[in-house]
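Numbering (the working numbering), first residue to last: 3 to 250.
As structure tokens, this is what we get:
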């Protein structure tokens with residue numbers, strides 16, 4: 003399992019609305035122990051994504067704010083195969099779930115191994131990841147019967163679980179989100195979709211992400227490209243293209 007997406011895209015800056023880096027934020031999605039080497043839902047080459055994310059932070063920490071998301075699941079979360087007595091890494095399964103307000107909701111859900119259970123070592127951020135006291139921290143997937151791949155909330159536009167990420171970054175007058183992290187094909191992808199829906203410009207640096215599989219990562223990134231996400235191969239590529247945007 004695991005994929006480094008091979009898509010190579012360099013944006014045409016002549017048509018890109020240049021903006022101050024004070025309007026940018028870096029999003030680090032779910033760089034947690036359970037998604038890294040030896041984790042319960044490990045993603046291949048996650049350590050390379052961490053190294054690239056750290057490089058991005060090293061270059062831009064003085065200029066760009068950062069938010070970090072974490073899966074934070076109940077031990078009987080609806081995405082866990084063992085909750086439904088199913089085999090892990092299968093699906094999607096058709097589920098009918100009861101929301102907190104009593105509403106019955108039909109969903110199609112992948113069956114994942116138990117992972118990122120709240121307050122366990124697997125839910126902690128990987129020790130190699132650079133984290134600072136100024137980072138915005140977001141916990142998602144906190145409700146037992148709700149899947150929240152996106153750092154903004156659930157697949158129903160935040161109807162049943164909504165984080166405060168949008169409010170926090172709107173207050174900072176952010177216009178552009180640079181997405182990084184794990185996994186490209188699920189949580190990074192869904193965060194990007196929500197960010198686009200909410201009106202943000204979205205950038206993804208390929209070296210800063212890794213996916214569960216090449217097939218699903220290719221599909222996700224091809225979809226995001228069509229929707230207007232700007233892709234860069236590496237941190238150096240991003241810096242080379244956008245360095246002129248820095249207002250010191």
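We put the beta carbon where it would ideally sit given N, CA and C, even for glycine.
Item, Value
"Nearest candidate by alpha-carbon position, reference residue 91, set 85, 106, 100 and 112", "112"
"N- and C-terminal bounds of the beta strand (DSSP E) containing residue 178", "178-184"
"Straight-line Cα distance separating residue 25 from residue 72", "23 Å"
"Bridge-paired residues (DSSP) for residue 92", "113"
"Check whether residue 115 and residue 42 have beta carbons under 7 Å apart", "yes"
"For residue 151, the three-state DSSP class (helix, strand or coil)", "coil"
"Proximity below 7 Å, CB of residue 163 to CB of residue 152", "no"
"Closest by C-alpha distance to residue 107, when choosing among 33, 80 and 87", "80"
"7 Å CB neighbourhood of residue 158 in its chain, flanking five on each side removed", "none"
"Three-state class that DSSP yields for residue 210 in the structure shown", "strand"
"Exposure of residue 242, with buried meaning 16 or more beta-carbon neighbours within 10 Å", "exposed"
"Buried versus exposed, by CB contacts within 10 Å (16 or more), residue 110", "exposed"
"Residue 91 beta carbon near the ligand NAD (any heavy atom closer than 6 Å)", "The model depicted lacks the ligand NAD and carries no ligand whatsoever."
"Close Cβ partners of residue 10 (< 7 Å) along its chain, the five nearest in sequence each way excluded", "Low local confidence applies: a pLDDT of 39 at residue 10 is under 50, so the model's placement there is unreliable, with the coordinate-based value given in what follows. Taken in chain order, the residues that qualify are 235."
"Of the listed residues 126, 182 and 200, nearest to residue 233 (C-alpha basis)", "182"
"Contacting residues, own chain, Cβ-Cβ under 8 Å from residue 64 (five flanking each side not counted)", "none"
"Environment of residue 209 [buried if 16+ CB atoms lie within 10 Å]", "buried"
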